[in-house]
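Novice: Those letters in the sequence shown? Residues 1 to 292, by the UniProt record's numbering. Structure below; questions to follow.
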Amino acid sequence: MTFISIREVAPRDGLQNEDPIPADGKVELIDALSGTGVRRIEAVSFVHPKAIPQMADADEVWSRITRNPDVRYSALIPNTRGAQRALAAGLREIEVVVSASDTHNRRNLNRTTDESLDDIAGLIPLVHAAGATLEVIVATSFGCPFEGDISPTRVAEIVARVRADGADRIAFGDTTGMATPRRVRDLLSEVRPDLLHFHDTRGTGLANIVTALELGIVEFDASAGGLGGCPYAPGASGNVATEEVVHMLHDMGYDTGIDLDRLIATAELAERLVGRRLTSGVLRAGPRTRLV
Numbered sequence: 001m002t003f004i005s006i007r008e009v010a011p012r013d014g015l016q017n018e019d020p021i022p023a024d025g026k027v028e029l030i031d032a033l034s035g036t037g038v039r040r041i042e043a044v045s046f047v048h049p050k051a052i053p054q055m056a057d058a059d060e061v062w063s064r065i066t067r068n069p070d071v072r073y074s075a076l077i078p079n080t081r082g083a084q085r086a087l088a089a090g091l092r093e094i095e096v097v098v099s100a101s102d103t104h105n106r107r108n109l110n111r112t113t114d115e116s117l118d119d120i121a122g123l124i125p126l127v128h129a130a131g132a133t134l135e136v137i138v139a140t141s142f143g144c145p146f147e148g149d150i151s152p153t154r155v156a157e158i159v160a161r162v163r164a165d166g167a168d169r170i171a172f173g174d175t176t177g178m179a180t181p182r183r184v185r186d187l188l189s190e191v192r193p194d195l196l197h198f199h200d201t202r203g204t205g206l207a208n209i210v211t212a213l214e215l216g217i218v219e220f221d222a223s224a225g226g227l228g229g230c231p232y233a234p235g236a237s238g239n240v241a242t243e244e245v246v247h248m249l250h251d252m253g254y255d256t257g258i259d260l261d262r263l264i265a266t267a268e269l270a271e272r273l274v275g276r277r278l279t280s281g282v283l284r285a286g287p288r289t290r291l292v
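This is the structure we're talking about:
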């Protein structure tokens, strides 16, 4: 049975678009996720609090969670200063984002794509010297709300550069849910990532994952309850819901190592923490095996 790796991103990507959640709630959510069987959790982001106030308590949250030895925890950073903070806090899996779209990169990071790539080239040795790994996430890989379609060649050029600079892993982000199965095939026929991050903004998230599975991708991001979005991209509603992804994968015969019932209970916790109804269909209706 093929194992599909899911990285749970609700504590970071999922909460960055919500009203700030107290540290107690974030710790409770991460600890609950750590008990579902998920193997990877994007726990915090070390970003300037004026930019993303929802992540201002990253140090406190990271210091207070109960770390499951079977779970790999990671942090997202925007630049070298963020990497220094993450490494000082003891994180050894670091993620940095750069947009294929120059306009989105300016909105998200207040610099051009080339300037971000220069910064990434400089921080890779810093991360490696600390015994950590760096994953480069290429945002707007499938389209940009400001510039429109993004050429696969553009994404491939960015991947070639960061791999040459020593990046350990590559992820493609569908920042505003512009991907479709056709566009997934088009991009992956040009260049392949280690992991894919889909939003379900236009209802194509699960179809995109099935397409990527057919093309041999076995690592995906997902967010409990479908929480998430991009503060700097209009219309960037939530990520694919982890419980919907796991429900589908298990029925298709894939192994994720995740307990679906515990995962649904954790999505219910996420819903209570943010104080609004989440959109996940599996959260609402339960798994297809639940009878009435």
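Even glycine gets a Cβ: it sits at the ideal position worked out from N, Cα and C.
Return the CA-CA distance between A160 and D168, expressed in angstroms with no decimal places.
Specialist: As a first step, residue 160 is located in the sequence shown; it is residue number 160 there, counting from the start. As a first step, residue 168 is located in the sequence shown; it is residue number 168 there, counting from the start. Answer to the nearest angstrom: the Cα atoms are 12 Å apart.
Novice: According to DSSP, what are the bridge partners of F172?
Specialist: Here the question's residue 172 lines up with position 172 in the sequence shown. In DSSP, F172 forms a bridge with V138 and L196.
Novice: Note the first and the last residue of the continuous alpha helix (DSSP H) segment covering I209.
Specialist: As a first step, residue 209 must be located in the sequence shown, where it is residue number 209. Its alpha helix (DSSP H) spans residues G205 to E214.
Novice: Nearest-angstrom Cα distance between V245 and N79?
Specialist: As a working note, residue 245 is residue 245 in the sequence shown. As a working note, residue 79 is residue 79 in the sequence shown. Whole-angstrom Cα-Cα distance: 31 Å.
Novice: Compute the distance between the beta-carbons of I124 and G166, then report whether it is under 8 Å.
Specialist: Mapped onto the sequence shown, residue 124 falls at position 124. Mapped onto the sequence shown, residue 166 falls at position 166. A contact, by the Cβ cut-off of 8 Å.
Novice: What are the residues that DSSP puts in a beta bridge with V255?
Specialist: The residue given as residue 255 occupies position 255 in the sequence shown. The amino acid at residue 255 is misidentified as Val; the sequence shows Asp. Bridge partners of D255: F3.
Novice: Would you report the Cα separation of R70 and R111, rounded to the nearest angstrom?
Specialist: Indexing the sequence shown from 1 puts residue 70 at position 70. Indexing the sequence shown from 1 puts residue 111 at position 111. One detail in the question is off: residue 70 reads as Asp in this sequence, not Arg. Straight-line Cα distance between these residues: approximately 37 Å.
Novice: Which class does V38 belong to by DSSP, given the choice of helix, strand or coil?
Specialist: Looking up residue 38 in the sequence shown gives position 38. Of the three classes helix, strand and coil, the one that applies to V38 here is coil, per DSSP.
Novice: Given R202, which residues of its chain have a CB within under 6 Å of its CB, disregarding the five upstream and five downstream residues?
Specialist: Start at 1 with the first residue of the sequence shown, and residue 202 comes out as number 202. The residues are G177.
Novice: Hey, is the region 81–94 in contact with the region 40–58, meaning 3+ C-beta pairs nearer than 8 Å?
Specialist: A contact exists between the region 81–94 and the region 40–58.
Novice: List, from N- to C-terminal side, the alpha helix (DSSP H) runs of 4 residues or more that fit wholly inside the region 266–290.
Specialist: If we require 4 residues or more, the alpha helix (DSSP H) runs fully inside the region 266–290 come out as 281–285.
Novice: In chain order, what residues of the same chain have a beta carbon less than 7 Å from the beta carbon of T211, not counting five sequence neighbours either side?
Specialist: Translated into the one-based positions of the sequence shown, residue 211 becomes position 211. Closer than 7 Å at Cβ, skipping near neighbours: P181, V184 and R185.
Novice: Can you give me the start and stop residues for the alpha helix (DSSP H) that S74 sits inside?
Specialist: Residue 74 sits at position 74 when you count from the first residue of the sequence shown. Where S74 is concerned, there is no enclosing alpha helix (DSSP H), although the beta strand (DSSP E) it sits in stretches over R72 to I77.
Novice: Measuring only the C-alpha atoms, how far is V9 from V292?
Specialist: To locate residue 9, count along the sequence shown from 1; it is residue 9. To locate residue 292, count along the sequence shown from 1; it is residue 292. So the alpha carbons of these two residues sit roughly 32 Å apart.
Novice: Buried or exposed for A267, please, with buried defined as at least 16 other CB atoms from any protein chain shown within 10 angstroms of its CB.
Specialist: As a working mapping, residue 267 is identified with position 267 in the sequence shown. That one is buried.
Novice: Can you name the start and end residues of the beta strand (DSSP E) that A99 belongs to?
Specialist: As a working mapping, residue 99 is identified with position 99 in the sequence shown. The residue you asked about is not Ala; residue 99 is Ser in the sequence shown. Segment E93 to S99, the beta strand (DSSP E) holding S99.
Novice: State the Cα-Cα distance for the pair A285 and R163, rounded to the nearest angstrom.
Specialist: By 1-based counting over the sequence shown, the position of residue 285 is 285. By 1-based counting over the sequence shown, the position of residue 163 is 163. Each residue's Cα considered, the two are about 43 Å apart.
Novice: Are the CB atoms of D194 and N239 within a distance shorter than 8 Å?
Specialist: In the sequence shown, the residue the question calls residue 239 occupies position 239. In the sequence shown, the residue the question calls residue 194 occupies position 194. Contact flag unset, no.
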